[in-house]
Amino acid sequence: MGASVDDAELVDRFPWVQVTHDNKHLFRGWLDRKLLIDRCDDCGRFHHPPKPICPECWSSRITPTEVSGRGTIHLAMALHQGAPAPGVDYAKGPHPVVAVDLEEQPGVRFSSTVVGCDPSEVEIGLPVELDWVERYGSPFPVFRLREGAKRGGKG
Amino acid sequence: MARRNPIRDRVAIVGLGSTEFSRDAGGRSPAALACEASIAAIRDSGIAREEIDGVVGALEPGAPRPSQLAAMLGLSSVTHHSSPMPVAMFGLIDAMTAIFAGQCDTVLLYYAFTRAPWNSRSAAQDPFRRYLAMNTGTAKPPMPESMDPSAAYTTWASRYLHEYGASREDLGLVALNMRANAARNPKAAMRKPLTMEGYLQARMIRDPLCMLDMDIPVDGADAFVLTTVEKAKAITKHPVVIHAATAGMVGPNEEDQLPSLARHGQHVVAEALRERSELWLEDVDVFFPYDGFSIITLGWIENLGYCKPGGAGRFMREHWDEKRGAVMIDGRVPMNPHGGSLSEGASRGTGHLREAVTQLRGEAGERQVADAKTALIGCGGFFFNSQGAILRRL
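What follows is the structure in structure tokens.
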């Protein structure tokens, strides 16, 4: 689907971000429910957010590459108030936001929310996997705690 | 290894002007506040308006551009003007390097702050502030998951608590220090006494940071006049000069991609300042760690070398002056005696710079540090606006 969406429609589908030639693949990937992270063809290193060159070796041969979306929570917070979004209701409880170290290359992180658990269960160090919800009519990547990761469910 | 620093002690800060910081400046525009502070700074310097040939004004939302301020002040012959990014030291560094390089001789450096609809409920109801929301350039508000700098400081605060087993009380000590000091500053916006109990009960905004971990939006302006040390010495016997100043940044520096708490912009600032300076912590009489968020202050205390990583809470307790209700390092060196951004008001470090100069001039009244000769400023945060300066009185 992402490939069949022209640039103008792509920009319209994600009005809250500045879509550019450097990151358009990331958002086309979202439309296909795929998380594409930039990878250098020459040195094999991932980087994020998308850049026109590899910050390691300066190669401009970059391929947006599907990653598993599995990783470990590196940064976390719980918003008690914040920007509005469909499906986010601060009155019902805090909204978790995390930066996840991707298993393909720890240190390269993707940030989003965590669904399917109580916000108090979201902790630094827990393993997560990728999931998708709808935001403003387009797929939006989120995380979910991996089985066995929940507090009290460990071990 | 010492780094070259040819600008050391060559540029002086000879004029100070400030409005008070307030949670509501009433019907006064940012331009009006900038004019008041600028005129006060120029008059304070004793330098004639005709001699101001540089204008540097930070790119703050709503603040007048240097061209607009030059027009309002009737500056007749300007050879250097620029609009550096916000956070105080970018402007200071631009002004001092322009003077040292001969692009101009005397700079008016100004900053104007205005509460915006997105950070102040009363500002959101003010029709004259609607243009600030229009200028953000986005059709929709940012997503809750946005890691803009303000949100990202909270995530790194939780990382700090996780890595070092630190507590919210460690962050709370920063808030208590600033509030106790602000009580002696008539320009401060928040002067009501604060206890640790009060801090822990404050409204949570982004867990683990509460309202009192975040600086307080204000209306206000600060202005400075800078000139060559030669010209400064013709005005005053003991001018306050910039001994060293620097910015600091690493890559990656995106908020969620920062390598770690052990290596970011503050570490680059600390190394560069130390290598360019003949003065260091043992010489410092008054210390200005930035406190836009309380976690940033813990970072400066540790990364400038006052204590080990993770030790800022313990350091503050060890150097706590019970009578004062604030830190006095070795019983001698206060931390943000004006109350910082948390309690004086969110000035992105201009309050720190103004108070540093005021202290070095010996004009800080009941806040005065006895015979203050050297001030250390750690300004900005972790990502792309870390900065620092050492000021001294000649």
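Residue numbers (our numbering), protein chains in the order written: chain E, 1 to 155; chain X, 1001 to 1394. C-beta atoms are modelled at their ideal positions from N, C-alpha and C, and glycine is treated no differently. Note that the structure is a prediction, hence the values are computed from the model and not measured.
Counting only runs that start and end inside the segment 1027-1055 of chain X, the alpha helix (DSSP H) elements of at least 4 residues fall at 1030-1045.
Within chain E, the residues placing a beta-carbon under 9 Å from that of P1144/X are L79, G82, A83, P84, A85, V88, Y90, H95, V97 and T113, ordered along the chain. Under DSSP, H47/E forms a beta bridge with D38/E. I73/E carries a strand assignment under DSSP once its states are collapsed to helix, strand and coil.
Counting the other Cβ atoms within 10 Å of the Cβ of K1187/X gives 16 or more, which makes it buried.
In chain order, M77, A78, L79, H80, Q81, G82, P94 and V97 make up the part of chain E whose C-beta sits under 9 Å from the C-beta of R1206/X. In summary, no residue of the segment 21-37 of chain E has a CB separated from any CB of chain X by less than 8 Å. P1289/X places its beta carbon less than 8 Å from that of I1301/X.
Residue-level contact by beta carbon holds for W16/E and chain X, with a gap shorter than 8 Å. Note on geometry: alpha-carbon atoms of T1114/X and G44/E lie some 47 Å from one another.
Look at Y1153/X here: in three-state DSSP terms it is helix. Boundaries of the alpha helix (DSSP H) harbouring E9/E: D7 to R13, taken from the DSSP string.
With a threshold of 8 Å between beta carbons, G1165/X makes no contact with chain E. Rounded to the nearest angstrom, the Cβ distance from D1256/X to A99/E is 4 Å, consistent with a contact under 8 Å. Annotated as distal: H80/E and P96/E, with beta-carbon spacing of 8 Å or more.
Interface criterion met: the Cβ of D1256/X is under 8 Å from a Cβ in chain E. Contacts with chain X at 8 Å (Cβ-Cβ) do not include R144/E. Per DSSP, the beta bridge partners of D1219/X are S1022/X.
Per DSSP, V19/E is not a residue of any beta strand (DSSP E), being assigned neither H nor E. Look at P119/E here: in three-state DSSP terms it is helix. Per DSSP, reduced to three states, the secondary structure at D1170/X is helical. Each residue's CA atom was taken as its position, placing R135/E and V67/E some 21 Å apart. Counting only runs of 3 or more residues that sit fully inside the segment 1058-1121 of chain X, the beta strand (DSSP E) segments are 1080-1082 and 1106-1113, in chain order. Around V142/E, the same chain offers S112, T113, V115, D131 and V133 as residues with beta carbons nearer than 6 Å, after the five sequence neighbours per side are excluded.
T1246/X has G1388/X as its beta-bridge partners, per DSSP. Taking 8 Å as the CB threshold, W1320/X stays off the interface with chain E. For the segment 1153-1187 of chain X, residues whose beta-carbon sits nearer than 7 Å to a beta-carbon of chain E comprise T1154, T1155, W1156, S1158, R1159 and H1162.
Residue V1284/X holds the alpha-carbon nearest to the alpha-carbon of I1390/X among E1366/X, V1284/X and T1195/X. A83/E and M1204/X do not touch by the CB rule: their CB atoms are close to 17 Å apart, not below 8 Å.
Remark: fewer than three beta-carbon pairs, one from each stretch, lie closer than 8 Å, so the segment 1160-1171 of chain X and the segment 1326-1334 of chain X are not flagged as touching. Look at the beta carbons and you see the segment 1095-1108 of chain X touching the segment 1042-1060 of chain X: at least three pairs across the two are nearer than 8 Å. Residue contact check for G107/E against chain X: a CB pair falls below 8 Å. Apart from the 5 residues on each side of it in sequence, A3/E sits with its Cβ closer than 7 Å to the Cβ of R28 in its chain, given in chain order.
Take the alpha-carbon of A1025/X and the one of A1032/X: they are about 10 Å apart. Residue-level contact by beta carbon holds for I124/E and chain X, with a gap shorter than 8 Å. Contacts between P55/E and chain X, judged by CB atoms closer than 8 Å, involve G1251 and P1252 in chain order.
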